[in-house]
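Residue numbers (our numbering), protein chains in the order written: chain E, 1 to 286; chain U, 1 to 164; chain F, 1 to 409.
For each residue, glycine too, the CB sits at the ideal point set by N, CA and C.
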Amino acid sequence: MAEPGRRADHESHTRRPQFRRQYDAGLHLLDRQIVDRDGIPVAKVDDLELAPRADGRLVVAALLVGPGAVGARLGGRLGRWTVAIWRRLRSDADPAPTRIDAGLVGGIESAVHLRPSLVELRRTYPHLDGLERWMRRYVVDPIPGSGHADDERTDEPTTDPGIPLATDAPVLPAGGGRRLSSLLGARVVLPDGRDAGRVNDVRLTGGPGLQTYVVEALVTATRAEGSMLGYDRRAVRGPWLVRVLVAATHRDAGYVPWRAVRLIDWDAGCVEADRVDPLTDEHPAS
Amino acid sequence: MRGRSPGSGISPWAGRCAARCGLLGVVAGAALAASGCGTPEGNVSRYQAEALGTLRAAQSSAQAVLITLDLRLSDRTFGRAADDAVTGAEGSLSSTAGTFEALQPPRGADAVREQATSLLSRAEDAVAAARIAIRRDDRTAMRAARNDLATAVDDLDHAPDALS
Amino acid sequence: MKKIFGVALGILTAIGGFVDIGDLVTNALVGSRFGLALAWVVVLGVIGIILFAEMSGRVAAISGRATFDLVRERLGPRVGLANLVASMGVTLLTFIAEIGGVALAIEIATSVNEVLWVPVVAAALWIVLWRVRFAVLENVFGLLGLSLIVFAVALWKLDPDWGGLWQQVTTPRPRPGETWTAYAYYAVALFGAALTPYEVFFFSSGGVEERWTAKDLGTMRLNVFLGFPLGGLLSLAVAAVTAVVFLPVGVQVDALSQVPLPIAQGVGKIGVAIALLGFFAATFGAACETGLSVGYSIAQFFGWRWGKFVAPRQAARFHVVILLSTVLAVAVLLTTVDPVAVTEYSVVFSALALPLTYLPILVIANDPDYMGDRVNGRLANVLGSVFLVVIVVVSAAAIPLMIITRGGQ
């Protein structure tokens with residue numbers, strides 16, 4: 001049995017975290033655990049911010065975390081309540097969800113690895129761990145025996161918030177970003193007005209460095225619901241029974257390369273495309 | 001009733017409906033009475049099944065107490081553990097008995113009730129005596145309680161034959 | 001030498017830690033009513049838990065991620081949240097049952113009513129988890145749980161009709177006086193007692209915290225393949241002793257205080273003392289595990305920091321969840337509800353919630369994204385699919401059977 005306590009080296013099994021050439025944003029990035037330099041859990045990727053580059057391509061600008069971000073993905077009344085409660089608890093008038101710059105990501109393995117440590121992240125993003133700090137101050141600390149003697153008390157935000165962390169991210173116009181969640185589930189419409197399904201996922205290509213990934217294509221499906229555990233997207237593996245179930249419920253996965261996308265109407269949740277190709281092995285699953 | 005406008009007096013429909021409802025009521029009442037559910041107490045065979053179930057549960061509790069007594073007498077278990085087992089069984093027995101005794105017996109089932117309650121109260125007395133003896137750690141009393149209990153358990157064992 | 005000691009410790013704690021209040025109560029009850037005619041369910045349940053524990057342990061070692069962490073990734077926030085609520089509900093119910101079980105074990109030894117012990121037990125439990133002592137005491141509770149071997153000893157000393165017992169094992173039907181629906185209901189309950197979801201959460205979370213890698217797979221498999229079957233044998237020993245002593249005379253076990261009686265008959269006072277120690281260790285250890293598992297599932301779903309090695313200051317939300325769960329458990333038990341009844345409900349609801357836990361594990365263990373080349377082999381997939389069907393059938397049957405048999409009567 002291993003010894004308790006923190007370790008300085010990586011938790012990702014003795015290997016520096018890396019990037020792959022291609023990711024499906026919904027499958028590989030959304031809801032993934034974010035960890036800091038030392039492998040300590042930070043949050044979950046609740047949403048992604050996509051921003052237009054100068055040449056019109058969408059790049060990944062930031063990870064969005066917190067109830068303000070996940071509320072939109074929960075949908076329905078539950079999602080609205082989550083966002084409403086979050087807004088109530090934040091002191092500023094028009095809060096934005098915590099936005100972790102894409103340049104801070106050092107690699108994507110089974111978790112999203114950030115380069116700074118948790119302490120540095122808390123200094124830069126004062127709202128990152130609001131609930132944790134509140135609980136610590138008002139519930140945990142009053143109870144004796146809640147910490148080790150050698151704890152550094154560096155987790156409280158310093159007086160000057162927003163110390164920028166060195167990142168490699170290009171400077172993007174503030175506020176130009178859009179949420180991935182508003183693109184997922186959008187209707188896909190062909191030039192003749194026919195409905196071609198819904199956007200199921202977004203294929204990203206690029207690397208290394210999360211900020212270099214651009215949207216290469218949209219993956220569509222005739223059904224509105226999610227990705228059926230990812231089985232529709234890859235050389236299907238797994239128990240025969242699950243494969244049969246997936247095949248039965250999920251036919252006609254489609255692929256829209258970026259150049260075939262005419263227009264994305266974010267607010268209406270609609271994408272106009274020239275054509276939708278069937279998703280085959282030519283467009284290799286990641 | 002449908003079609004009745006206010007203040008219109010009794011319409012022809014009302015008379016026909018009243019006759020129909022009356023007939024329906026008579027038929028339903030006859031059917032219920034025939035099935036034995038006419039009286040609110042339920043039918044005799046169901047009550048008997050209830051009694052047998054209660055006696056079976058009582059036999060289980062009483063037998064457990066008997067086993068505990070024997071173990072305590074042969075000093076194979078601790079006083080406290082025996083006390084706990086017996087107290088638990090006593091509580092279970094009295095709650096089962098109480099539930100049964102609160103049931104309203106249907107007509108014709110009074111003999112069943114009398115037999116069942118007599119068996120139950122004998123078992124309850126024997127179990128209570130066992131509990132008292134164990135808590136006092138009084139071996140003489142334990143032996144006496146054991147004999148009573150053995151008889152009560154035996155009677156409960158033969159309850160299905162006695163009742164039917 | 002130290003390595004062999006470590007491996008042996010792992011196996012022994014797996015055996016001792018296998019049995020919890022659900023196994024104790026359900027097996028004792030089933031043995032007294034059906035004899036060993038439901039032994040095949042225990043065997044099936046043990047094979048199932050071995051299969052899925054190995055999968056989730058492998059996932060923890062290779063991907064570095066714990067089960068509930070990955071459930072949200074695969075199912076998305078909406079369906080994942082539903083899964084969380086259901087899994088957490090069942091684990092919380094089991095937590096309440098375990099605390100009640102500890103209180104009952106102390107009641108048998110002291111004759112003081114269990115309700116009075118509940119706050120004491122809960123306070124002790126919470127202090128152990130708060131001060132991060134369970135990380136240290138886990139092995140202690142596991143080894144003390146080995147005391148339950150006294151059931152096997154008692155069985156041997158009772159000198160039963162072995163042929164008769166074997167006859168019961170090979171005749172999987174209800175005895176005269178019992179119905180098929182009651183038989184099926186207790187089959188569901190036994191299955192749920194063997195495959196409780198919290199075991200998998202706890203196992204994989206422990207693996208992540210201890211930083212298992214591919215090198216640890218061998219030890220992990222040894223613990224699972226050796227420890228769990230032997231633990232299952234302990235469960236069967238509980239059923240066997242009640243079958244030998246209670247079944248012939250028609251005693252239906254309905255209280256934990258009746259379970260040491262066959263031990264007393266076989267071994268005497270020393271056996272009773274050892275058995276009570278075993279009850280205490282098994283239930284207290286399981287209470288710590290379920291309490292931590294409630295915290296694990298919420299923390300892993302939301303991405304919070306968690307861990308049995310982590311001090312409360314560093315994982316405030318996780319520890320507050322555990323604190324609130326403990327308070328809730330005390331509140332429920334202080335209504336003087338019978339802990340044995342709570343236990344029976346917890347195993348049946350565990351059976352109900354099984355598909356939620358096990359389908360994601362099966363899916364994730366096949367995913368090369370997480371597992372690289374250590375994905376499930378053909379045998380694991382075939383067995384996994386078979387068990388998935390069994391689990392769905394059991395889950396679908398749980399509530400109807402509970403209603404039809406009115407809770408097993």
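- Contact of phenylalanine 302(F) with chain E by beta-carbon distance below 7 Å involves Lys44.
- Residue environment for valine 188(E): buried (at least 16 other C-beta atoms within 10 angstroms of its C-beta).
- Here histidine 158(U) is exposed, its C-beta having fewer than 16 other C-beta atoms within 10 Å.
- In this structure, valine 199(E) and leucine 210(E) do not form a Cβ contact; the two beta carbons are roughly 21 Å apart against a cut-off of 8 Å.
- Listed in chain order, the positions of the stretch 66-87 of chain U with a beta carbon within less than 7 Å of a beta carbon of chain F are Ile67, Thr68, Leu71, Arg76, Thr77, Phe78, Arg80, Ala81, Asp83, Asp84 and Ala85.
- The stretch 2-15 of chain F makes no contact with the stretch 90-110 of chain U; the number of CB pairs closer than 8 Å stays below 3.
- Less than 8 Å separates the beta-carbon of leucine 114(E) from that of aspartate 36(E).
- For isoleucine 85(E), no chain F residue has a Cβ inside 9 Å of its Cβ, as the nearest lies near 14 Å away.
- Within the stretch 61-94 of chain E, the residues whose Cβ lies closer than 7 Å to any Cβ of chain F are, in chain order, Val70, Arg73, Leu74 and Gly75.
- Sequence-ordered contacts of the stretch 273-293 of chain F with chain U read Ala273 and Leu276 [C-beta pairs closer than 9 Å].
- Inter-residue distance for valine 71(F) and isoleucine 361(F) is about 8 Å (C-alpha atoms, whole angstroms).
- Chain F places a beta carbon closer than 8 Å to that of serine 60(U), counting this residue as a contact.
- If you ignore the 5 residues before and after glutamine 265(F), its C-beta comes within less than 7 Å of the C-beta of Leu158 and Val245, all in its own chain and listed in chain order.
- Taking CB atoms only, lysine 269(F) has a neighbour in chain U less than 8 Å away.
- Distances from the CA of glycine 177(E) to each of Asp277(E), Ser91(E), Asp31(E) and Gly56(E) were compared; the closest alpha carbon is that of Gly56(E).
- Residues of the stretch 251-279 of chain E with a Cβ closer than 8 Å to any Cβ of chain F: none.
- When beta bridges are read from the DSSP output, isoleucine 100(E) appears opposite Leu63(E).
- Contact annotation for glycine 250(F) against chain U: Gln59, Ser60 and Gln63 [CB-CB distance below 7 Å, chain order].
- Close to serine 92(U), with beta-carbon spacing below 9 Å, are these residues of chain F in chain order: Asp254 and Ala255.
- For serine 111(F), at least one C-beta of chain U is nearer than 8 Å to its own C-beta.
- Between the alpha carbons of leucine 230(F) and aspartate 38(E) lies a gap of roughly 38 Å.
- For alanine 240(F), the uninterrupted alpha helix (DSSP H) run begins and ends at 228-245, by DSSP.
- In the three-state reduction of the DSSP assignment, aspartate 369(F) falls in the helix class, which pools H, G and I.
- Along the stretch 69-81 of chain F, going in chain order, the ones with a CB nearer than 9 Å to a CB of chain E are Asp69, Leu70, Arg72, Glu73, Arg74, Leu75, Gly76, Pro77, Arg78, Val79, Gly80 and Leu81.
- With at least 16 other beta carbons inside 10 angstroms of its own, methionine 142(U) counts as buried.
- Residue His28(E) holds the alpha-carbon nearest to the alpha-carbon of aspartate 369(F) among Pro257(E), His28(E) and Arg21(E).
- Listed in chain order, the positions of the stretch 364-379 of chain F with a beta carbon within less than 8 Å of a beta carbon of chain E are Asn366, Asp367, Pro368, Asp369, Tyr370, Val375 and Asn376.
- Minimum Cα-Cα distance from leucine 104(E) among the listed residues Leu30(E), Tyr125(E) and Asp92(E) corresponds to Tyr125(E).
- Glutamine 48(U) sits away from leucine 156(U), with the two beta carbons spaced by 8 Å or more.
- For aspartate 195(E), the three-state secondary structure derived from DSSP is strand.
- If you ignore the 5 residues before and after arginine 58(F), its C-beta comes within less than 8 Å of the C-beta of Leu217, Met220, Ala365, Met371 and Arg374, all in its own chain and listed in chain order.
- Here methionine 1(F) is exposed, its C-beta having fewer than 16 other C-beta atoms within 10 Å.
- By the C-beta density criterion, proline 144(E) is exposed, having fewer than 16 other C-beta atoms within 10 angstroms.
- For threonine 117(U), the secondary structure class from DSSP, reduced to helix, strand or coil, is helix.
- Minimum Cα-Cα distance from tryptophan 117(F) among the listed residues Val267(F), Phe280(F) and Glu54(F) corresponds to Phe280(F).
- Neighbours of glutamate 178(F) across chain U, judged by C-beta separation under 9 Å, do not exist; the nearest C-beta is about 11 Å away.
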